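For the sequence shown, counting from 1, position 110 maps to 113 in the working numbering; every step adds exactly one.
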Amino acid sequence: MQQQRGIALVLSMLMLVAITLLAVSAMRGTTLQEKMASNLNDREVAKQVTEATLRQVSTLLPPAAGSAWFNAPIPVPAQGTADRWNNAAIWANAGVVAVAVNGVNYNGQFLVENMGSWTSRQDPTCKPKENPLCERQTYRITVRNQPQAGRAAVVVQVVWRI
């Protein structure tokens, strides 16, 4: 009889350990799901901020030369150089737009680059010397949210013809 009591104690302890491991595993899964939901929400808000920034900046085209809104004359990209938006120092001097997403104010950053005049996509065979209206001024707009440390960063880029 004494041995049976000892075995019952060992079995109950093993069951307690198994249930504890199961509970800890369930808590880890729940915590992971909460983190994933938070990251998804951060990413969605960041995407909405960049889209709102893009809409606001596109209404300002064509900009006045040296417009204060763009913090500098609109640069013309140079062939063979690295893309500006990959340079962290460029974003330090980029234009900033305040946008509201879901009632909360955020700052979106933007770069506008003058890509020169391109022929219209509707009439690619148009000759600019014969018809000066067939070329259109083209800008590349790159926008991003201003991510806080450890938060999602989203970059959106469009080519805009006027």
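A virtual CB, placed ideally from N, CA and C, is assigned to each residue, including glycine. Everything numeric in this text was worked out from a predicted model, so none of it was measured.
Taking every protein chain shown into account, the CB of E116 has 16 or more other CB atoms within 10 angstroms, so this residue is buried. Under the Cβ criterion (8 Å, minimum of three pairs), the stretch 21 to 30 does not count as touching the stretch 134 to 141. By the neighbour-count criterion, in which 16 or more other beta carbons inside 10 Å mark a residue as buried, T53 falls on the buried side.
R164 is bridged by DSSP to T141.
Put simply, of L12, R147, A101 the residue whose alpha carbon is nearest the alpha carbon of A91 is R147. Taking the Cα positions, N108 is about 39 Å away from Q125.
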